[in-house]
Amino acid sequence: MRGFAIFVALLLLPLVTALSDLTIYAESHYENQKDAPVLVEWFHGSDDDETVRELTKMDREGEITLLHWRTGADEENGGLPDDDAKSRLMYHALNETPSVTIDGFPENITDIAPSVHTNEIEIDWNVQLIGSTEVELLNITATWTNPQALNSATQIHIFIVETNAVDNRGREVPNLVRDWAPSTSFYFANNTTNQWNSTITKEHLDGAGIEIGDASFSNEYEIMLVMIGGFENDSANRVLSLQRAEMPTYWQSVDQSAILTPLILLIIVVICIGFIVMAERKREIGLPRLEGSWSSEENVIDYHLITGNSVEVGELTMGDGWRANGRIKKETLAGGKTHKGTLRVSGSGDLSLRLAVKVDVLGEWILDLNLPDPHRIIE
Numbered sequence: 118m119r120g121f122a123i124f125v126a127l128l129l130l131p132l133v134t135a136l137s138d139l140t141i142y143a144e145s146h147y148e149n150q151k152d153a154p155v156l157v158e159w160f161h162g163s164d165d166d167e168t169v170r171e172l173t174k175m176d177r178e179g180e181i182t183l184l185h186w187r188t189g190a191d192e193e194n195g196g197l198p199d200d201d202a203k204s205r206l207m208y209h210a211l212n213e214t215p216s217v218t219i220d221g222f223p224e225n226i227t228d229i230a231p232s233v234h235t236n237e238i239e240i241d242w243n244v245q246l247i248g249s250t251e252v253e254l255l256n257i258t259a260t261w262t263n264p265q266a267l268n269s270a271t272q273i274h275i276f277i278v279e280t281n282a283v284d285n286r287g288r289e290v291p292n293l294v295r296d297w298a299p300s301t302s303f304y305f306a307n308n309t310t311n312q313w314n315s316t317i318t319k320e321h322l323d324g325a326g327i328e329i330g331d332a333s334f335s336n337e338y339e340i341m342l343v344m345i346g347g348f349e350n351d352s353a354n355r356v357l358s359l360q361r362a363e364m365p366t367y368w369q370s371v372d373q374s375a376i377l378t379p380l381i382l383l384i385i386v387v388i389c390i391g392f393i394v395m396a397e398r399k400r401e402i403g404l405p406r407l408e409g410s411w412s413s414e415e416n417v418i419d420y421h422l423i424t425g426n427s428v429e430v431g432e433l434t435m436g437d438g439w440r441a442n443g444r445i446k447k448e449t450l451a452g453g454k455t456h457k458g459t460l461r462v463s464g465s466g467d468l469s470l471r472l473a474v475k476v477d478v479l480g481e482w483i484l485d486l487n488l489p490d491p492h493r494i495i496e
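Its first residue numbered 118, the sequence shown is counted upward by one per residue in this note's numbering.
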C-alpha cells in the first residue's frame with residue numbers, strides 16, 4: 118500500500134504544482150431560509166409547453182419551487198442531459214410523462230397549487246467556487262442541529278439548476294435540473310449538530326453540462342439543498358427543509374491571492390481523495406439495488422433486485438399497515454444480474470419494505486423500497 122501511495126504521489130506532482138495556486142473565486146454564506154414554497158418536480162412530456170410556462174410563472178412569483186426534469190431529451194436531440202431525469206423518474210416509480218411530484222410524492226397534475234411551508238430543520242450553508250485559471254471545485258458545506266431523531270429514510274439532496282437553459286434546437290427550458298445527488302452522510306440522532314460537506318469536481322460539472330468558467334456568470338445556476346424524510350416516529354416522509362440560492366459569482370470573490378493550503382497538505386489531500394474515490398466506486402459497483410412498482414394486478418408489487426457482487430437474500434420486513442402474503446426467497450443470487458419477481462401484499466397507506474441482504478465482500482445491508490398508497494394512485 119505504501120508503494121502504491123508513493124507511485125500515485127509521483128504521478129500527481131505536476132497536477133499538485135498547478136493546484137497549489139488554487140484560490141477561492143467566489144464564496145457566499147446563506148442563512149437558513151425560514152419558509153420555502155412547495156417542491157414541484159416536473160417530468161417533461163409531449164405537449165407540455167403551456168403547463169411549463171404556468172409552472173415557471175408560479176416559481177418566479179414564489180408560489181412553488183420548480184425542478185424541471187427533461188425526460189426524453191435524448192429522443193429530442195436537444196443536447197440536454199436526461200440520465201438523472203430517468204433515474205429520478207424511476208426513483209418516484211413513475212412510468213409515463215408528463216408527470217409531477219409534489220414535496221417528493223407523485224401526484225395528479227391538477228393537484229399543483231401555491232403553497233409555502235415552514236422549514237422544520239434550520240440549515241445554514243456556504244458555497245465556495247475554487248480554482249486557478251477557472252473554477253475547478255464546487256464546495257458546499259451546511260450546518261444544522263436535529264431537533265428530533267431523524268428516521269433512516271432521511272436524505273439531503275443537492276440539485277444544481279440552470280435557470281434559463283436553451284437546447285441545441287433553440288428551445289428554452291426553465292429551471293432545468295443539470296445535476297442531482299442524494300446524501301445520507303450525516304448524523305441522525307436527536308440534538309446532534311451536523312457539519313455536512315459535499316465537493317464536486319470540474320470533471321463532474323462538465324459532464325453535467327454545467328459551465329462555470331471563471332465564475333463571472335455562475336449566477337445563471339442555482340443550488341438547492343432539499344432534506345426529504347421524517348422524524349423517528351413520523352408516519353410519513355416529507356420535505357423537512359428546502360434551501361435555495363444562486364451560485365456566487367467572481368465579482369463576490371474573496372482575496373484572490375489567498376492560497377488554499379500548503380503544497381504538502383494538498384498532496385496528502387489529493388492522495389486521500391483518490392483512495393476514497395476508489396473505495397466508493399468499489400462499493401457503488403458491488404452494492405445491489407431494489408427497485409419496484411405497483412403491478413396492474415391489485416396489491417401486487419413487481420420488483421427487480423439488481424446485483425453487483427453476489428448477494429445472499431435475508432429477512433423481509435414490512436412497514437406499519439402492510440404485510441406480505443408471500444416472501445422474497447432466501448437464496449444466494451449471482452452478481453451482475455437482474456432478478457425479477459412479484460410480491461403479493463395487503464394493507465393500506467404508503468408502503469415501505471426492507472430487505473436484509475449479505476453482499477459478498479461488502480457485508481450486511483438493508484435495501485429499502487418505498488411506494489405510494491396504491492389507492493391514491495387510482496384516485
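Where is the CB? At the ideal position from N, CA and C, for every residue including glycine.
Every value quoted in this text rests on a predicted model; they were computed, and no experiment measured them.
Item to complete: Compute the beta-carbon to beta-carbon distance between VAL290 and LEU433, rounded to the nearest angstrom, for a pair I have assumed lies under 8 angstroms.
Response: No, VAL290 and LEU433 are not in contact; Cβ-Cβ is about 41 angstroms, not under 8 angstroms.
Worksheet item: Thinking C-beta only, is GLU279 closer than 7 angstroms to LEU293?
Response: yes
Practice prompt. Have a look at GLY431, ASP467 and GLU339 and flag the residue whose alpha-carbon is nearest the alpha-carbon of TYR147.
Written response: Residue GLU339 is the option with its Cα nearest to TYR147.
Worksheet entry | ALA325 versus ARG187, ARG471 and LEU486, residue with shortest Cα-Cα distance | ARG187
Practice prompt. Check each candidate in ASN243, PHE392, THR262 and PHE222 and name the one with the smallest Cα separation from LEU206.
Written response: PHE222
Item to complete: Select from THR260, ALA473, SER410 and VAL394 the residue whose C-alpha is nearest the C-alpha of GLU429.
Response: When THR260, ALA473, SER410 and VAL394 are compared, the shortest CA-CA separation from GLU429 is found for ALA473.
Practice prompt. Give every residue of the same chain whose Cβ lies closer than 8 angstroms to the Cβ of GLU415, excluding the five residues on either side of it in the sequence, and list them in chain order.
Written response: PRO491
Worksheet item: Under three-state DSSP, which class holds THR182?
Response: Three-state DSSP puts THR182 in a strand.
Worksheet entry | Contact the segment 360–368 vs the segment 336–350: 3+ CB pairs below 8 angstroms | yes
Practice prompt. Can you give me the Cβ contacts of ILE418 inside the same chain, cut-off strictly under 6 angstroms, excluding the 5 residues immediately before and after it?
Written response: GLY409 and LEU460.
Worksheet item: Roughly how many angstroms separate the alpha carbons of ASP199 and GLY458, rounded to a whole number?
Response: Cα to Cα, the separation comes out at about 28 angstroms.
Worksheet item: What first and last residue would you give for the beta strand (DSSP E) that runs through GLU523?
Response: Residue 523 cannot be examined here, being either before or after the span of the chain that is shown, 118 to 496.
Worksheet item: Start and end of the beta strand (DSSP E) containing GLY309?
Response: The identity of residue 309 in the sequence shown is Thr, whereas the question assumes Gly. For THR309, there is no enclosing beta strand (DSSP E), as DSSP marks it with neither H nor E.
Discussion item. For VAL283 and GLY195, I'd like the C-alpha separation in whole angstroms.
Written reply: 9 angstroms
Item to complete: Keeping to the same chain, check which residues put their C-beta closer than 6 angstroms to that of ALA332; ignore five residues upstream and five downstream.
Response: TYR142, ALA143, LEU246, VAL252, THR366 and TYR367
Item to complete: Measure the beta-carbon distance from ALA451 to THR424 and round it to whole angstroms, keeping in mind my assumption that it falls under 8 angstroms.
Response: 7 angstroms
Worksheet item: Is GLY436 closer than 7 angstroms to SER469 when the C-beta atoms are compared?
Response: With contacts defined by Cβ atoms closer than 7 angstroms, SER469 and GLY436 form a contacting pair.
Fill in: Secondary structure of ASP199, DSSP reduced to three states
coil
Discussion item. Quick check: what's the CA-CA separation for GLU224 versus THR260?
Written reply: About 32 angstroms.
Worksheet item: How many angstroms separate the CA atom of LEU255 from the CA atom of GLY248?
Response: 9 angstroms
Item to complete: Would you list the residues sitting across from ALA259 in a DSSP beta bridge?
Response: TRP242 and TRP313
Fill in: Pair within 7 angstroms by beta-carbon distance, MET344 and ILE273
With contacts defined as CB atoms closer than 7 angstroms, MET344 and ILE273 qualify as a contacting pair.
Fill in: Cut-off 8 angstroms between Cβ atoms - residues of its own chain near THR309, not counting five sequence neighbours on either side
THR262 and ASN263
Worksheet entry | Alpha-carbon to alpha-carbon, TRP482 and SER204 | Between the alpha carbons of SER204 and TRP482 lies a distance of about 22 angstroms.
Worksheet item: So, helix, strand or coil for ASP485, using DSSP?
Response: strand
Discussion item. Let's test the definition: count the other Cβ atoms within 10 Å of the Cβ of PRO405 and tell me whether it reaches 16, buried, or not, exposed.
Written reply: buried
Fill in: Own chain residues within Cβ distance below 7 angstroms of VAL478, not counting five before or after
GLY403 and ASN426
Worksheet item: In this structure, does DSSP put HIS421 in helix, strand or coil?
Response: strand
Worksheet item: Just reading off the alpha helix (DSSP H) that THR173 is part of, what are its end residues?
Response: Element bounds for THR173: 166–177.
Worksheet item: Taking DSSP as the reference, what is the three-state secondary structure of THR227?
Response: helix
Discussion item. Can you list, in chain order, the residues of its chain with a C-beta nearer than 6 angstroms to that of ASP296? Leave out the 5 residues immediately preceding and following it.
Written reply: ILE277 and ALA325
Practice prompt. Figure out for me which residue from LYS151, ASN243 and SER465 has the closest Cα to the Cα of GLY438.
Written response: SER465
Worksheet item: So who's on the other strand from ARG493, going by DSSP bridges?
Response: None; ARG493 has no bridge partner.
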